[in-house]
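A.B. asks:
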Ligand code: HEM
Ligand code: HEM
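Chains as they are written, first to last, in our numbering: chain A, 1 to 335; chain B, 336 to 480.
1) Determine whether the Cβ of residue 20 of chain A lies closer than 8 Å to any Cβ atom of chain B.
2) In angstroms, rounded to a whole number, what distance separates the CA positions of residue 58 of chain A and residue 156 of chain A?
3) Taking only the alpha-carbon atoms, compute the straight-line gap between residue 147 of chain A and residue 313 of chain A and give it to the nearest angstrom.
4) Strictly below 7 Å CB to CB, what residues from chain B border residue 29 of chain A?
5) Which residues share a DSSP beta bridge with residue 445 of chain B?
6) Any beta carbon of chain B sitting closer than 8 Å to that of residue 10 of chain A?
7) As a quick exercise: from A/119, A/177, A/151, pick the residue whose alpha carbon is nearest that of residue 417 of chain B.
8) Does residue 66 of chain A get closer than 8 Å to chain B when you measure Cβ to Cβ?
9) Taking the straight line between their C-alpha atoms, what separation do you get for residue 43 of chain A and residue 33 of chain A?
10) Sorted by chain position, which residues of the same chain lie with C-beta nearer than 6 Å to residue 417 of chain A's C-beta, five sequence neighbours on each side aside?
11) Would a check of beta-carbon distances place residue 434 of chain B closer than 8 Å to chain A?
12) Look up residue 11 of chain A in the DSSP assignment and say whether it is helix, strand or coil.
13) Quick one: complete alpha helix (DSSP H) runs, 4+ long, within the segment 123-151 of chain A?
14) Run down chain B in chain order and give the residues with a C-beta less than 9 Å from the C-beta of residue 197 of chain A.
15) Taking all protein chains shown into account, decide if residue 320 of chain A is buried (16 or more other Cβ within 10 angstroms of its Cβ) or exposed.
16) Taking 8 Å as the CB-CB limit, is residue 437 of chain B close to chain A?
17) Shortest alpha-carbon distance to residue 153 of chain A belongs to which of A/15, A/97, A/66?
18) Give the C-beta separation of residue 308 of chain A and residue 210 of chain A to the nearest angstrom, bearing in mind that I take them to be a contact with Cβ-Cβ under 8 Å.
19) Is residue 176 of chain A close to ligand 1? I mean its beta-carbon at under 7 Å from any heavy atom of the ligand.
20) Taking 7 Å as the cut-off, is the beta-carbon of residue 123 of chain A closer than that to any non-hydrogen atom of ligand 1?
21) From residue 31 of chain A to residue 430 of chain B, what distance separates their C-alpha atoms?
22) By a C-beta neighbour count over all protein chains shown, 10 Å radius and 16 as the cutoff for buried, is residue 434 of chain B buried or exposed?
23) Roughly how many angstroms lie between the CA atoms of residue 138 of chain A and residue 129 of chain A, to the nearest whole one?
24) Determine, using beta carbons only, whether residue 180 of chain A and residue 415 of chain B come nearer to each other than 8 Å.
25) Could you have a look at residue 63 of chain A and say whether DSSP puts it in helix, strand or coil?
26) Relative to ligand 2, is the shortest distance from any of its heavy atoms to the C-beta of residue 126 of chain A smaller than 7 Å?
27) Is residue 317 of chain A buried or exposed, if buried means 16 or more other CB atoms sit within 10 Å of its CB?
28) Is residue 228 of chain A near ligand 1 - that is, is its Cβ less than 7 Å away from at least one heavy atom of it?
29) Under 7 Å Cβ-Cβ, which residues of chain A neighbour residue 441 of chain B?
30) By the DSSP assignment, the alpha helix (DSSP H) with residue 238 of chain A in it spans what residues?
31) Measuring only the C-alpha atoms, how far is residue 349 of chain B from residue 78 of chain A?
32) Of the choices A/91, A/92, A/71, A/90, whose alpha-carbon is the least far from that of residue 82 of chain A?
33) Measure the C-alpha to C-alpha separation of residue 234 of chain A and residue 439 of chain B and round it to an integer number of angstroms.
34) What does a CB cutoff of less than 8 Å around residue 303 of chain A pick up in its chain, not counting 5 residues either side in sequence?
And the structure:
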């Protein structure tokens, strides 16, 4: 089992994150197999052809709509929700954290800024609720998902969108527009997967998003200097795994970006027989790599949930026989 | 600046609020989709698969070429492409930034097989107990395995 660092998500948030991720993955697979049907023809077939994909996408679309409305209500109607608005506003510290990350990469800084630290270790008390990346993620995902949902509702039925758009061509173009909106989200989630799956101290998955903080023991005697990361041993597979997935993430992002530029469909395709852009073998491989990264994300998030279930069992067990932590370490099962 | 002390998030969310909001969200969703479906849902494959000049959908392309004069939609798509490219480049930069930072952090950790302490697990998840620290388990939450 991986280590538990400082937890931040409440129980509701972990559940919400899991449902949101599952739903968005389905939307990705169904939506982009339509947009990139040249490269992802097998995925279209797997979901039952164009008709099946459309149905899958609509069902998941309905799910996203419900999740978003639910989240907005939670943020507005509870104190916890309202109180957290402040936490996502960008601050000077976030900008500094970004600069310091660049410096850290160049070797001019010794530590990552507290606002950038994913692994807090002994410095858990210094770090804010969200890293600067976390804030960016919240903003970008929130805006993207809202726009996608609104445009998705508008194209829910073909006749409806044609009423709005006057011509069939324009109606189809509006569908394309909806898909193009999601490209940022698509690229962003690939990064999100790499970021939370391949931190060397947290590899193979950062469990914070899956194990609610109420189940994570807190320990406040911080006599250690710094994060204490040098006490941890690197997993033997980390090097290879992070290199391969890092490369796939980069290739996937570049490919879907290029693909989205070719598969635009509006204004009128320059040539009539397009079939959706160049059926380029490299692009096909690249886009499929991107899909593989998404699939990996799906697996990692299920693994994260599996770890939660195991951890829960372990806590229950220890609660019944209090003095037996297998390694002599103490487990505070406070909740 | 500990998030634990001042954050309301720490308190979690009240159960009733979750339940009520979930029900309201489902109801709102049903209403919106009912309204949207009033346009009449039907699946039409034609326009999802891009138009072609030959094959089963022959001729669709000629229809496609007419009626493309909506300036604002054209503009909307152009800026979306631009946003995609700008954000794409930025996200790529972020990937490289983190990749690099992760490599540097990994370099700081004990290398696999570096120590022969039996307390070290191979998954990177354990604190070696021969570390000069009496309570080093704090870094990993004192997990036991
Ligand atoms: C993460 C969120 C979403 C992403 C990434 C996404 C992506 C896409 C993509 C790429 C397409 C195909 C565009 C093309 O053919 O060029 C599409 C089509 C569509 N989307 Fe979404 N979408 C999302 C959310 C939604 C939501 C929330 C709804 C509805 C409430 C929705 C409804 C639709 C509909 C109705 C279509 C047309 C499908 C058809 O051809 O029958 N989408 N989406
Ligand atoms: C489409 C899928 C997903 C969406 C929309 C999503 C969304 C989010 C959002 C909005 C946040 C909060 C901002 C932040 O801290 O970055 C977050 C945090 C996080 N996500 Fe995801 N996520 C998705 C998939 C995943 C996957 C696959 C993993 C696991 C590999 C994951 C792991 C995490 C972790 C570890 C955090 C940080 C939790 C913390 O800071 O306490 N997410 N996610």
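A virtual CB, placed ideally from N, CA and C, is assigned to each residue, including glycine.
Here the structure is a predicted model, which is why all the values come from computation and not from measurement.
C.D. replies: Short version:
1) Taking Cβ atoms only, chain B never reaches closer than 8 Å to residue 20 of chain A, which makes this a no.
2) Roughly 7 Å between the two C-alpha positions.
3) Rounded to whole angstroms, the gap between the alpha carbons of residue 147 of chain A and residue 313 of chain A is 40 Å.
4) The premise fails here: residue 29 of chain A is roughly 15 Å from chain B at the closest Cβ pair, so nothing lies under 7 Å.
5) Answer is A/233.
6) Closer than 8 Å to some Cβ of chain B, the Cβ of residue 10 of chain A qualifies, so yes.
7) It is A/177.
8) Yes, because at least one Cβ of chain B sits closer than 8 Å to the Cβ of residue 66 of chain A.
9) For residue 43 of chain A and residue 33 of chain A, the distance between alpha carbons rounds to 6 Å.
10) The question about residue 417 of chain A has no answer, for chain A in this structure spans 1 to 335.
11) Residue-level contact by beta carbon holds for residue 434 of chain B and chain A, with a gap shorter than 8 Å.
12) If DSSP states are grouped into helix, strand and coil, residue 11 of chain A belongs with the helices.
13) With a minimum length of 4 residues, there is no unbroken run of alpha helix (DSSP H) contained wholly in the segment 123-151 of chain A.
14) Within chain B, no residue comes near residue 197 of chain A; the closest Cβ sits about 11 Å away, beyond 9 Å.
15) Sixteen is the threshold: since fewer than 16 other Cβ atoms of the shown chains lie within 10 Å of the Cβ of residue 320 of chain A, the residue is exposed.
16) At least one chain A Cβ lies under 8 Å of residue 437 of chain B.
17) The residue with the shortest Cα to Cα distance from residue 153 of chain A is A/66.
18) That pair is a contact at about 5 Å.
19) Flag set: Cβ of residue 176 of chain A near ligand 1.
20) In this structure, residue 123 of chain A has its beta carbon at no less than 7 Å from each heavy atom of ligand 1.
21) In this structure, the alpha-carbon of residue 31 of chain A lies about 24 Å from that of residue 430 of chain B.
22) By the 10 Å Cβ count, residue 434 of chain B comes out buried.
23) For residue 138 of chain A and residue 129 of chain A, the gap between their C-alpha atoms comes out near 12 Å.
24) In this structure, residue 180 of chain A sits near residue 415 of chain B, with a CB-CB distance shorter than 8 Å.
25) Helix.
26) A distance criterion of 7 Å places the beta-carbon of residue 126 of chain A beyond contact range of ligand 2, judged by its closest non-hydrogen atom.
27) Looking at its Cβ environment, which holds fewer than 16 other Cβ atoms inside 10 Å, residue 317 of chain A is exposed.
28) Flag unset: Cβ of residue 228 of chain A not near ligand 1.
29) Simply 200, 234, 238.
30) Membership of residue 238 of chain A in the alpha helix (DSSP H) is indicated by the continuous run 238-262.
31) The C-alpha of residue 349 of chain B lies about 8 Å from the C-alpha of residue 78 of chain A.
32) Ranking A/91, A/92, A/71, A/90 by Cα distance to residue 82 of chain A puts A/71 first.
33) Cα to Cα, residue 234 of chain A sits roughly 12 Å from residue 439 of chain B.
34) Residues of the same chain with a CB within less than 8 Å of the CB of residue 303 of chain A, apart from the 5 flanking positions on each side, are 204, 205 in chain order.
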